[in-house]
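Line by line, the protein sequences are chains A and B. Heads up: the first sequence begins at 18 in this note's numbering, then just goes up one per residue. Heads up: the second sequence begins at 164 in this note's numbering, then just goes up one per residue. Worksheet: the structure to be examined is printed underneath.
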Amino acid sequence: MKRSYVGVILLAAILMMNIVFTQLVVHQYYYENYGVTLLYAGLNVLLFPVALFIYKKEKNKGGSKGYEERNLS
Amino acid sequence: MSDRNNKVPFDEDNYTHNINRNNERMLDRRGFMKTLAGAAGVFAVSTLPWGAVAAKELMGLGDKEYPHQKIADVKDVKVGDSVKFHFPSEHDSAILIRLSENKYVAYQNACTHLRCPVYWVKDEQEMICPCHHGKFDASTGAPTAGPPRRPLPGIKVEVKDDVIYAVRVKRYEA
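Structure follows, in structure tokens:
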């Protein structure tokens with residue numbers, strides 16, 4: 018079976034960045050760097066559409082049949 | 164492979180195992196990616212409140228200014244003396260200390276331990292809480308001895324035309 022893990026790896030990387038940015042947001046907020054806080058919060062929000070885009074692009078990659086196809090027979 | 168999770172491991176003759184689940188619980192690559200994208204969405208939403216409060220602080224809404232309140236005339240407060248007053252409301256007792264010719268500090272004097280009134284001891288140059296002998300550093304408000312662990316909330320003081328005014332309460336730092 019052919020597999021495509023590019024999407025999985027990219028999405029995992031995005032999730033990692035999400036975690037890092039969230040942590041930075043909280044820290045920078047308590048350090049009272051509000052501009053930086055807003056910047057990281059914005060980046061965190063922006064990562065979501067990127068993740069959706071990657072998901073849409075990658076969901077039909079790879080050789081495995083989709084759910085509907087698999088259950089046709 | 165695709166039927167692996169759909170096989171019945173033994174012959175069965177009953178009325179409960181005759182439902183064909185059609186892989187509905189199987190976590191495949193696509194489902195996993197969907198979970199990851201959804202988690203990214205959760206993170207995005209969860210940072211919004213932080214962004215909102217940060218924006219609020221940036222616009223200066225968090226730093227509330229109270230109407231200036233006269234504490235005392237400069238000539239009535241000698242260096243090393245203290246004055247009691249109430250700020251911002253009449254129930255928030257506070258203390259003003261003149262540390263040097265031009266240095267005034269003011270704190271809300273409810274002890275951060277159990278809210279007893281902290282007073283200024285001129286001889287020892289320290290603020291002391293009578294209840295449990297907590298001590299505070301006069302120049303910063305930080306606790307130096309006893310049970311209190313948090314600093315006294317500072318009050319910003321302004322001197323104009325030989326009159327001392329209380330302007331605003333500094334951010335409470337836990």
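Don't be surprised by glycine CBs; every beta carbon is placed ideally from N, CA and C. All figures in this text were calculated on a predicted structure; none of them were measured in a lab.
Whole-Å CB distance - residue i paired with residue j, under 8 Å assumed
| i | j | result |
| --- | --- | --- |
| Gly121 (chain B) | Leu55 (chain A) | What is shown of chain B runs 164 to 337, which leaves residue 121 (chain B) out entirely. |
| Val53 (chain A) | Gln45 (chain A) | 4 Å |
| Leu69 (chain A) | Leu199 (chain B) | With 8 Å as the limit, Leu69 (chain A) and Leu199 (chain B) do not qualify as a contact, their Cβ atoms being about 11 Å apart. |
| Arg261 (chain B) | Asp236 (chain B) | Actually they do not touch by this definition, with Cβ atoms about 12 Å apart. |
| Val25 (chain A) | Met196 (chain B) | 6 Å |
| Ala217 (chain B) | Tyr72 (chain A) | Not really, about 29 Å apart at Cβ, beyond 8 Å. |
Nearest to residue i (by Cα), restricted to the options the options
| i | options | result |
| --- | --- | --- |
| Glu321 (chain B) | B:Pro230, B:Leu190, B:Gln288 | B:Pro230 |
| Val37 (chain A) | B:Asp191, B:Met196, B:Thr210 | B:Thr210 |
| Val326 (chain B) | B:Val208, B:Ala273, B:Lys233 | B:Lys233 |
| Val242 (chain B) | B:Lys285, B:Pro251, B:Ser252 | B:Lys285 |
| Ser263 (chain B) | B:Ser252, B:His249, B:Val240 | B:Val240 |
Alpha-carbon spacing of residue i relative to residue j, whole angstroms
| i | j | result |
| --- | --- | --- |
| His295 (chain B) | Gly309 (chain B) | 7 Å |
| Ile31 (chain A) | Lys19 (chain A) | 24 Å |
| Glu75 (chain A) | Val42 (chain A) | 30 Å |
| Ala257 (chain B) | Tyr47 (chain A) | 26 Å |
| Ala337 (chain B) | Ala305 (chain B) | At Ala337 (chain B) the pLDDT is 48, less than 50, meaning the model places this residue with poor confidence; the figure from the coordinates comes in the next sentence. Whole-angstrom Cα-Cα distance: 11 Å. |
| Arg313 (chain B) | Tyr57 (chain A) | 30 Å |
| Pro293 (chain B) | Pro280 (chain B) | 8 Å |
| Phe277 (chain B) | Val23 (chain A) | Looking at the sequence itself, residue 277 (chain B) is Leu, so the reference to Phe does not match. Their Cα atoms are separated by approximately 58 Å. |
| Lys323 (chain B) | Lys219 (chain B) | 30 Å |
| Ser90 (chain A) | Arg167 (chain B) | Because the pLDDT at Ser90 (chain A) is just 47, under 50, the model does not fix this residue reliably, and the value given afterwards should be weighed accordingly. Distance between the alpha carbons of Ser90 (chain A) and Arg167 (chain B): 15 Å. |
| Lys333 (chain B) | His254 (chain B) | 17 Å |
| Asn35 (chain A) | Asn61 (chain A) | 6 Å |
| Gln288 (chain B) | Ala329 (chain B) | 22 Å |
| Lys247 (chain B) | Leu259 (chain B) | 6 Å |
| Thr307 (chain B) | Lys238 (chain B) | 31 Å |
| Ala347 (chain B) | Gly59 (chain A) | Because chain B spans 164 through 337 in this model, residue 347 (chain B) falls outside it and cannot be assessed. |
| Val208 (chain B) | Ser252 (chain B) | 38 Å |
| Lys78 (chain A) | Ser21 (chain A) | 6 Å |
| His249 (chain B) | Pro212 (chain B) | 34 Å |
| Glu49 (chain A) | Glu228 (chain B) | 19 Å |
| Gly194 (chain B) | Asp174 (chain B) | 31 Å |
| Asp191 (chain B) | Pro172 (chain B) | 22 Å |
| Thr303 (chain B) | Met33 (chain A) | 40 Å |
Residue i, buried or exposed, once every other Cβ within 10 Å from all chains shown has been counted against 16
| i | result |
| --- | --- |
| Asn265 (chain B) | exposed |
| Pro311 (chain B) | buried |
| Met222 (chain B) | exposed |
| Lys170 (chain B) | exposed |
| Thr275 (chain B) | buried |
| Tyr282 (chain B) | exposed |
| Met290 (chain B) | buried |
Proximity test, Cβ basis, 9 Å: residue i and chain D
| i | result |
| --- | --- |
| Thr210 (chain B) | Judged by its chain identifiers, the structure shown contains no chain D, and its protein chains are A and B. |
Q | Three CB pairs or more closer than 8 Å across the stretch 308 to 321 of chain B and the stretch 268 to 288 of chain B | A | yes
Q. Can we say the stretch 199 to 208 of chain B touches the stretch 297 to 313 of chain B, given the rule of at least three CB pairs closer than 8 Å?
A. no
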